[in-house]
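Shown next, in structure tokens, is the structure this report addresses.
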Ligand SMILES: NC(=O)c1ccc[n+]([C@@H]2O[C@H](COP(=O)([O-])OP(=O)(O)OC[C@H]3O[C@@H](n4cnc5c(N)ncnc54)[C@H](O)[C@@H]3O)[C@@H](O)[C@H]2O)c1
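In the working numbering, the protein residues as written are 131 to 356.
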């Protein structure tokens, strides 16, 4: 079986009703990302940050995977598929995909501020005073801007093994996620699905751009693969 590596970003979940942030002038649901997604934001206003992720978590619990999430899950019948997602939602999992690396963490998990390995599943609101087993405050299990990306090495190793790289719904502006494209083997075909694709076509020989939303773009990809 061929190995497909799929790199997804916020655009993948747009048709499930979860907003991207580049489409909203760099705001994430009305917030400057540095306010709600950085260690500086956390130290200056923990309540605001907790409230922001509490809202996102509530919104996620009522969102559903869209057609593109389901079509990608179905690819596992014919291919070895690994998804490397920048998304903090769990819509790939809920659509049935089985091999998913979350580069930027997961909204439905929280962790100790002092011991990164103390991670808990969490579907309710997270408040000041909610403590981990080491007695420390819990924080969202999200990789904030400026923090290390612990899953990066694994994502690089997987990308190196791809027979095909598919990129869906990402502005390719958040690093190091955007740099994964540089780790494919020479001549590996790349498919880029995004209604507003931000990629320099002249840099890649084997690039096919599908300028569409994830739902129709993934259908087009599948018909090209058959
Ligand atoms: N659902 C989520 O988990 C979520 C939502 C917003 C932001 N984020 C976080 O913010 C960061 C944002 O970077 P990013 O590059 O992923 O997103 P981004 O907001 O920077 O870019 C979104 C991209 O999606 C494209 N897009 C919009 N609608 C689309 C659709 N229907 N189908 C396909 N593509 C569509 C846009 O053209 C754009 O290129 C990520 O690190 C992520 O962790 C996550």
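By construction, the Cβ of each residue, glycine as well, lies at the ideal position given by its N, Cα and C atoms.
Since this is a predicted model, take the numbers as computed values, not measurements.
Item: Any non-hydrogen atom of ligand 1 closer than 7 Å to residue 353 Cβ; Value: no
Item: Paired residues, beta bridge with residue 239 - DSSP; Value: 251
Item: Coil, strand or helix - residue 199 by DSSP; Value: helix
Item: Contact belief for residue 213 with residue 229 at Cβ below 8 Å, rounded distance in angstroms; Value: 7 Å
Item: Segment contact, 8 Å Cβ cut-off, at least three pairs: the stretch 187 to 201 with the stretch 275 to 286; Value: no
Item: Unbroken stretches of the alpha helix (DSSP H), 4 residues or longer, contained in the stretch 238 to 323; Value: 282 to 290
Item: For residue 148 and residue 324, the rounded distance between their alpha carbons; Value: 16 Å
Item: DSSP three-state assignment for residue 329, whether helix, strand or coil; Value: coil
Item: Residue 218 (DSSP reduced to helix, strand or coil); Value: coil
Item: Rounded Cβ spacing between residue 198 and residue 145 (contact assumed at less than 8 Å); Value: 7 Å
Item: Through-space distance from residue 350 to residue 319, alpha-carbon basis; Value: 15 Å
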